[in-house]
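Structure, as structure tokens:
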Amino acid sequence: GAVVSQHPSRVICKSGTSVKIECRSLDFQATTMFWYRQFPKQSLMLMATSNEGSKATYEQGVEKDKFLINHASLTLSTLTVTSAHPEDSSFYICSASRPPTYEQYFGPGTRLTVT
Amino acid sequence: SQQGEEDPQALSIQEGENATMNCSYKTSINNLQWYRQNSGRGLVHLILIRSNEREKHSGRLRVTLDTSKKSSSLLITASRAADTASYFCATDENRDDKIIFGKGTRLHILP
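Here you go:
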């Protein structure tokens, strides 16, 4: 089956620094990827839709200048959390939409802890 | 935004019993999916049911879909300790390419 990877799986950073999370589709080309955030004991909340070669579409309430998304190739999307603060600590999960059915395949997630 | 609403929010049952979780949604959909998530881990896709289907089986899983009531149920038969996890339904809101998740049900199987 399709595989989507995320790197890193865990990251700890200091408040005020920026962190980049990568999402890769390993065996298919994904024109669309999605980024989700999940706080403890809560559901996944869609943050943004990442489209290859164009600007990401952000959900209401998600700051585009804080969560920078780059989808520079058909197999890679990156999410950069800029000037991270403790309240940004969360589990970040990406998914990639695989043609022709456009079924979404999810990555294993990245645990971000901001100290 | 969240599309699906699961109930119950938490469920504890004895091993061997059946577990039923329900999900309701608000808009028209092309399909509805159920996922499992073990604590702190990624999502495991369980089953996808299309809007023109009413019931689907996969091993010990049975999913129903009632589009007139905008609801779905997930039944896990003969539960096992390994079934302890959170279960989420997810829909393609307004038949879009986005998937929106429900709040989830935390299932705990007691030995």
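Chain order of the listed sequences is A and B.
Residue numbering for the first sequence is 498 to 612, as defined by the numbering used here.
Residue numbering for the second sequence is 1287 to 1397, as defined by the numbering used here.
Ideal placement from N, C-alpha and C gives every residue a C-beta, glycine not left out.
Keep in mind it's a predicted model, so treat the numbers as computed, not measured.
For residue i, return the contacting residues in chain A, with the cut-off set at a CB-CB distance below 7 Å.
i, result
"B:Asp1383", "Thr529, Ser594 and Tyr599"
"B:Lys1389", "Ser540"
Determine the extent of the beta strand (DSSP E) in which residue i is found, giving its start and end residues.
i, result
"B:Gln1323", "Asn1317 to Gln1323"
"B:Ala1296", "Ala1296 to Gln1300"
"A:Ser587", "Ser587 to Arg595"
"A:Val501", "Val501 to His504"
"A:Glu519", "Val516 to Ser522"
"A:Ser570", "Phe564 to Ser570"
"B:His1343", "Glu1341 to Ser1344"
"B:Asp1369", "Careful: B:Asp1369 lies outside any beta strand (DSSP E) and carries neither H nor E."
Out of curiosity, what's the CA-to-CA distance linking residue i and residue j?
i, j, result
"B:Ser1287", "B:Gln1300", "Residue placement at B:Ser1287 is flagged as unreliable, the pLDDT there being 49, under the threshold of 50; a coordinate-derived value is accordingly withheld."
"B:Gly1388", "B:Thr1306", "16 Å"
"A:Ser547", "B:Ser1357", "29 Å"
"B:Ile1386", "B:Arg1348", "21 Å"
Show which residues of chain B have a CB atom less than 8 Å away from the CB atom of residue i.
i, result
"A:Pro605", "Arg1327 and Gly1328"
"A:Thr546", "Asp1383 and Lys1384"
To which residues does DSSP link residue i through a beta bridge?
i, result
"B:Leu1351", "B:Ser1358"
"B:Leu1334", "B:Gln1319"
"A:Arg608", "A:Arg507 and A:Phe588"
"B:Ile1386", "B:Thr1377"
Measuring CB to CB, does residue i end up less than 8 Å from residue j?
i, j, result
"B:Leu1393", "B:Leu1351", "no"
"B:Gln1295", "B:Ser1372", "no"
"B:Arg1346", "B:Thr1363", "yes"
"A:Val500", "A:Cys520", "no"
What in chain B is Cβ-close to residue i, meaning under 9 Å?
i, result
"A:Ile590", "Gly1328 and Leu1329"
So which residues on chain B does residue i lean against when the C-beta distance must stay under 7 Å?
i, result
"A:Leu543", "Lys1384 and Ile1386"
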